[in-house]
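A.B. asks: Note that the numbering used here gives residue 148 to position 147 of the sequence shown, counting from 1, and the numbers run on in steps of one.
Glycine included, C-beta positions come from ideal geometry on N, C-alpha and C.
The structure presented is a predicted model; accordingly, all values stated were derived computationally and were not measured.
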Amino acid sequence: MTKAVQFNHEFMQEANRLKRLPPYLFAVIDQLIKQEKAAGKDVIDLSMGSPDLPPPPNVVQALADGVKRADTHGYSRYDGEIERNLRKAIADWYHRKFAVELDPNTEVLPLIGSKEGLAHLSLGFLNNDDIALVPSPTYPIHFNGVIMSGGILYQLPLLAENNFLPQVNKLDPHVVRQSKLMILSYPHNPTAATCDIGFMQEMVDWCRRHHIILAHDFAYSDFVFDGHKAPSVFNAKGAKDVAIEFHSFSKSYSMAGWRLAFAVGNASILKTLGKTKSYIDFGIFRAVQYAGIEALNGPQEHVKLAADTYHRRMKLFVEGLNAHGWQTPMPKATFYIWAHLPLKYSALTSMEFAQFLIEETGVACAPGTGFGEYGEGYVRFAMVQNEDRLKQAVERIGKVLAAD
Ligand SMILES: Cc1ncc(COP(=O)(O)O)c(C=O)c1O
2 MTKAVQFNHE FMQEANRLKR LPPYLFAVID QLIKQEKAAG KDVIDLSMGS PDLPPPPNVV
62 QALADGVKRA DTHGYSRYDG EIERNLRKAI ADWYHRKFAV ELDPNTEVLP LIGSKEGLAH
122 LSLGFLNNDD IALVPSPTYP IHFNGVIMSG GILYQLPLLA ENNFLPQVNK LDPHVVRQSK
182 LMILSYPHNP TAATCDIGFM QEMVDWCRRH HIILAHDFAY SDFVFDGHKA PSVFNAKGAK
242 DVAIEFHSFS KSYSMAGWRL AFAVGNASIL KTLGKTKSYI DFGIFRAVQY AGIEALNGPQ
302 EHVKLAADTY HRRMKLFVEG LNAHGWQTPM PKATFYIWAH LPLKYSALTS MEFAQFLIEE
362 TGVACAPGTG FGEYGEGYVR FAMVQNEDRL KQAVERIGKV LAAD
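(1) What residue ranges within the segment 224 to 294 form continuous alpha helix (DSSP H) runs of no fewer than 4 residues, ordered along the chain?
(2) Going by Cα to Cα distance, which pick from V44, P23 and R21 is closest to Q32?
(3) Ligand 1 and Y140: does the residue's C-beta get closer than 8 Å to at least one heavy atom of that ligand?
(4) Whole angstroms are fine: how far does the CA of K305 sit from the CA of R209?
(5) Leaving aside the five residues before and after V109 along the sequence, list all residues of the same chain whose C-beta is less than 7 Å from its C-beta, in chain order.
(6) Hey, A16 and A194: beta-carbon distance below 9 Å or not?
(7) In terms of residue numbering, what span does the beta strand (DSSP E) encompassing M183 cover?
(8) Measure how close the beta-carbons of L402 and H325 come, nearest whole angstrom, since I'm counting them as under 8 Å.
(9) Can you find a heavy atom of ligand 1 that lies under 8 Å from the Cβ of N190?
(10) So, does the segment 305 to 317 touch the segment 70 to 82, judging by three or more C-beta pairs under 8 Å?
(11) Answer yes or no: do G114 and R287 have a C-beta to C-beta separation smaller than 9 Å?
(12) Between which two residues does the alpha helix (DSSP H) containing D309 stretch?
(13) Given a cut-off of 9 Å, decide if S222 and P52 are closer than it, judged by their beta-carbon atoms.
(14) Are D72 and E84 closer than 9 Å when you measure CB to CB?
(15) Determine the DSSP secondary structure at A161, reduced to helix, strand or coil.
(16) Check for me: the alpha helix (DSSP H) holding H143 runs from which residue to which?
(17) Consult DSSP for P336 and reduce its assignment to one of helix, strand or coil.
Written out as structure tokens, the structure is:
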């Protein structure tokens, strides 16, 4: 018998830019979920922020109609009819919602998800001596995009004692001088923190003063409660000189898998982002764009219904945790609960605690360090299961907390 010759795969080593990325903790949690399920455990998965609600029926219908059209199957073109209509729908929606005027041709850029747009923003702007100021904790693409683009990542710690707002005035002037981009996102994933227009104005003024691009990720603009209104960056004066803002259909319209989002604002920043994308992608499937127009122009009940649903779930979950002695504040926005580890588990890392929780209760959450080092000491629960499942989750957690 001939002996199989071992093939040497060393030449397939991934690039250094991938090696520099932090471990993807969600993959570890996913693996744990699989293991627990394989062992027959009933897992309640609150780890990922993927909405469980169905998209609005009129939007689903528009997608079906869009697929049947003859003009939706080719490559998307910037000056196509559906593309122009989508940009106009975005500008109109923006005006209705935030009273901000946008030129649909130069100040609106549709995206294949805001994750895509955020990654390409770093790629399009950062040289290897440019600093990007990125909060920690934060949605991972904010820092992973910087690392992959080869720019310099500088963390802005978001601490509970500062209401999870960054302290830019304390930054070293050398760092500020070398900074080209700052990313902010309120309502905030994972901490669920919000900001007011005063803070937004301060950030815009600061970025204008220091010539720093401000990218505001506004994915949770619609999930705000108890009368709180989340400001758009463009509600701050002078924002269009330095800022762009990212919006997503994933959360507001429960269309996470459709991959549709947009960035709006400063025409020059968007031009560079569009240029970067034009070398890489061919735009969004036109049937999806067609459905996106319906989402923005059609009835908006779904958005309110989704926000109310998440709000009810959050109340149920937070009240449940508090009743079991896990003191956790009720957030004003998003669909996340950002919970400090219970005192008796404070010797564990957030990853160890997340692992402990899934093994002991079958409840999967996201470890705080998945969002950056300043997420240590916390876990995040996403309210993406129905109320019965959330009640079960809280009961199981309560039992573990009570046991000793
Ligand atoms: C803050 C934030 N930005 C962006 C995204 C991704 O949005 P999209 O589906 O548009 O890529 C998420 C998803 O969880 C998010 O939490």
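C.D. replies: Checking against the coordinates, here is how it stands:
(1) Within the segment 224 to 294, the complete alpha helix (DSSP H) segments at least 4 residues long are 250 to 253 and 268 to 279, listed from N- to C-terminus.
(2) Taking the first residue of the sequence shown as 1, we reach residue 32 at position 31. Comparing Cα-Cα distances from Q32 to each of V44, P23 and R21, the minimum goes to V44.
(3) Counted from its first residue, the sequence shown places residue 140 at position 139. Flag set: Cβ of Y140 near ligand 1.
(4) As a working note, residue 209 is residue 208 in the sequence shown. As a working note, residue 305 is residue 304 in the sequence shown. The C-alpha of R209 lies about 35 Å from the C-alpha of K305.
(5) For the purposes of this step, residue 109 is taken as the residue at position 108 of the sequence shown. Contacts found: R88, I91, A92, L103, F263 and V265.
(6) Taking the first residue of the sequence shown as position 1, residue 16 is located at position 15. Taking the first residue of the sequence shown as position 1, residue 194 is located at position 193. No; because the gap between Cβ atoms is not below 9 Å, this pair is not in contact.
(7) For the purposes of this step, residue 183 is taken as residue 182 along the sequence shown, with counting starting at 1. Where M183 is concerned, the enclosing beta strand (DSSP E) stretches over S180 to L185.
(8) On the sequence shown, position 401 is the one that residue 402 refers to. On the sequence shown, position 324 is the one that residue 325 refers to. Correct: roughly 5 Å between the Cβ atoms.
(9) In the sequence shown, residue 190 corresponds to position 189, counting from 1. Yes, Cβ of N190 sits closer than 8 Å to a heavy atom of ligand 1.
(10) no
(11) Locating residue 114 in the sequence shown gives position 113, where the first residue counts as 1. Locating residue 287 in the sequence shown gives position 286, where the first residue counts as 1. No; because the gap between Cβ atoms is not below 9 Å, this pair is not in contact.
(12) As a position in the sequence shown, residue 309 is number 308, starting the count at 1. E302 to A324 is the extent of the alpha helix (DSSP H) around D309.
(13) What you label residue 52 is simply residue 51 of the sequence shown in a count that begins at 1. What you label residue 222 is simply residue 221 of the sequence shown in a count that begins at 1. No.
(14) One-based indexing of the sequence shown puts residue 72 at position 71. One-based indexing of the sequence shown puts residue 84 at position 83. Their beta carbons are not under 9 Å apart, which means D72 does not touch E84 by this criterion.
(15) For the purposes of this step, residue 161 is taken as residue 160 along the sequence shown, with counting starting at 1. The answer is helix: DSSP assigns A161 an H, G or I state.
(16) Residue numbering aside, residue 143 sits at position 142 when the sequence shown is read from its first letter. In the DSSP annotation of this structure, the continuous segment of the alpha helix (DSSP H) that includes H143 starts and ends at I142 to S150.
(17) Mapped onto the sequence shown, residue 336 falls at position 335. Before going further, note that residue 336 is Phe rather than Pro in the sequence given. Correct three-state label for F336: coil.
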